[in-house]
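Residue numbers (our numbering): 445 to 770.
The beta carbon of each residue, even a glycine, is placed where N, CA and C say it ideally should be.
I have placed the structure first, in the form of structure tokens, so that the comments after it can refer back to it.
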Ligand code: NAD
């Protein structure tokens, strides 16, 4: 079984070596994303392993199928970079990956605490020997209400973490979960939006969740609301975020993901001219923290991403199915 892995980072390579031996396959790793320009590389392989910058559009999927690729797995949980319907139509098998939700959940709590305690400004000041306190007075989580939109794997884990801080927790999802009910109260979306001091998003990107945070929803929020997004950038309308920060309706933003991140994140752009004005503008506010889509990025997650991708390819080719088939 020959596998071609795209977008392989150096720190993934030891895991590829380990699982190549364990699953008795032959893996070639390349650092680039799969694009129309390097599609010809896939000839002679049985399967592909990709990350989120390799966009499997219908025409790319057609090419892969004709080139004899039997299946593709993405080492990510999210799969909005793949045209799933077309892949199903042409019989190209797909799988995503899974890893424990704990890394993203811990990162979310870190973002909430950093925002409440103005940590970005405190850190910047200390770096230039400014040890003043003005403007840095924080708020305590134990007296606040936190709203979690999306109570799947990561949302539940965030709620469990937050339960130790003594805050009131509201939750919204179409499907209620018994574990969540031990720590949080389910409400409708409007109630959550209008009554929380902190709101954190944990839904996938779907038609129903695209721009779930927009001008209208921001207007309904409490003054000084803290918004956290460690899910997908397109859940939040970036113009609404800018209006909310400028008008001081939004008290702080903590964004691991943002609309328009695709050409920037996970690349070294230090010497490039960057034309994404909205991202540059938002980044400079003292109450906006932005990181480069890295909430998932822990040793445990990376090991699981590689293992589950290789295992899925192995199972799909040997048995026609796998536990993470999409
Ligand atoms: P999950 O599938 O386990 O849970 C998602 C939940 O969202 C489900 O309970 C679902 O019912 C709910 N949902 C779907 N549509 C909804 C809607 N319109 N309103 C309310 N709830 C809705 O997913 P997960 O593993 O918890 O991941 C959540 C998100 O986090 C995904 O977008 C994923 O891509 C993202 N993610 C980001 C990172 C990162 O590094 N920043 C890492 C992993 C996952």
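- Annotated as proximal: residue 757 and residue 493, with beta-carbon spacing under 8 Å.
- Only residues of its own chain outside the window of five on either side were considered, and among them 541, 542 and 768 have a CB closer than 7 Å to the CB of residue 752, listed in chain order.
- With a threshold of 7 Å, the Cβ atom of residue 559 does not count as near the ligand NAD, since no heavy atom of the ligand is closer than that.
- Here residue 616 carries a strand assignment [DSSP, helix/strand/coil].
- Here the segment 503 to 514 does not lie against the segment 717 to 733, with fewer than 3 beta-carbon pairs under 8 Å apart.
- Below 8 Å, enough C-beta pairs join the segment 693 to 708 and the segment 669 to 678 to call them touching: three or more.
- For the pair residue 593 and residue 488, the Cα-to-Cα distance works out to about 44 Å.
- Scanning the segment 556 to 602 from its first residue to its last, the whole alpha helix (DSSP H) runs of 4-plus residues come out as 563 to 571.
- By the Cβ criterion, the segment 638 to 653 is in contact with the segment 679 to 692, since at least three pairs of Cβ atoms, one from each stretch, lie closer than 8 Å.
- Taking a cut-off of 8 Å for Cβ pairs, the segment 517 to 525 and the segment 728 to 739 do not touch, as fewer than three such pairs fall below it.
- Taking 7 Å as the cut-off, one finds no heavy atom of the ligand NAD near enough to the beta carbon of residue 452.
- Closer than 7 Å to some heavy atom of the ligand NAD: that describes the Cβ of residue 618.
- The beta-carbon separation of residue 451 and residue 476, rounded to 7 Å, stays under the 8 Å limit for a contact.
- Annotated three-state conformation of residue 658 is coil, per DSSP.
- Linking residue 643 to residue 739 through their CA atoms gives a straight-line distance of about 17 Å.
- In this structure residue 495 touches residue 518 by the C-beta definition: roughly 7 Å separates them, less than 8 Å.
- The C-alpha of residue 497 lies about 14 Å from the C-alpha of residue 483.
- Measuring C-alpha to C-alpha distances from residue 530 to each of 560, 557, 499 and 554 identifies 499 as the nearest.
- Minimum Cα-Cα distance from residue 723 among the listed residues 607, 548, 683 and 666 corresponds to 683.
- Residue 504 and residue 600 have their alpha carbons spaced roughly 36 Å apart.
- Scanning 508, 750 and 653 for the CA closest to the CA of residue 478 turns up 508.
- Across the set 635, 687, 691 and 690, the C-alpha of 635 shows the shortest separation from the C-alpha of residue 664.
- For residue 700, the Cβ falls inside the 7 Å cut-off from some heavy atom of the ligand NAD.
- Going by DSSP, residue 496 is part of no alpha helix (DSSP H) at all; its letter is neither H nor E.
- Looking at 463, 533 and 555, the one whose alpha-carbon comes closest to that of residue 749 is 463.
- In the DSSP assignment, the residues bridged to residue 769 are 539.
- The three-state reading of DSSP puts residue 686 in helix, counting H, G and I together.
- The beta carbon of residue 566 sits closer than 8 Å to the beta carbons of 580 from its chain, once the five residues preceding and following it are set aside; these are given in chain order.
- In terms of side-chain proximity, the C-beta atom of residue 460 is found no nearer than 7 Å to any non-hydrogen atom of the ligand NAD.
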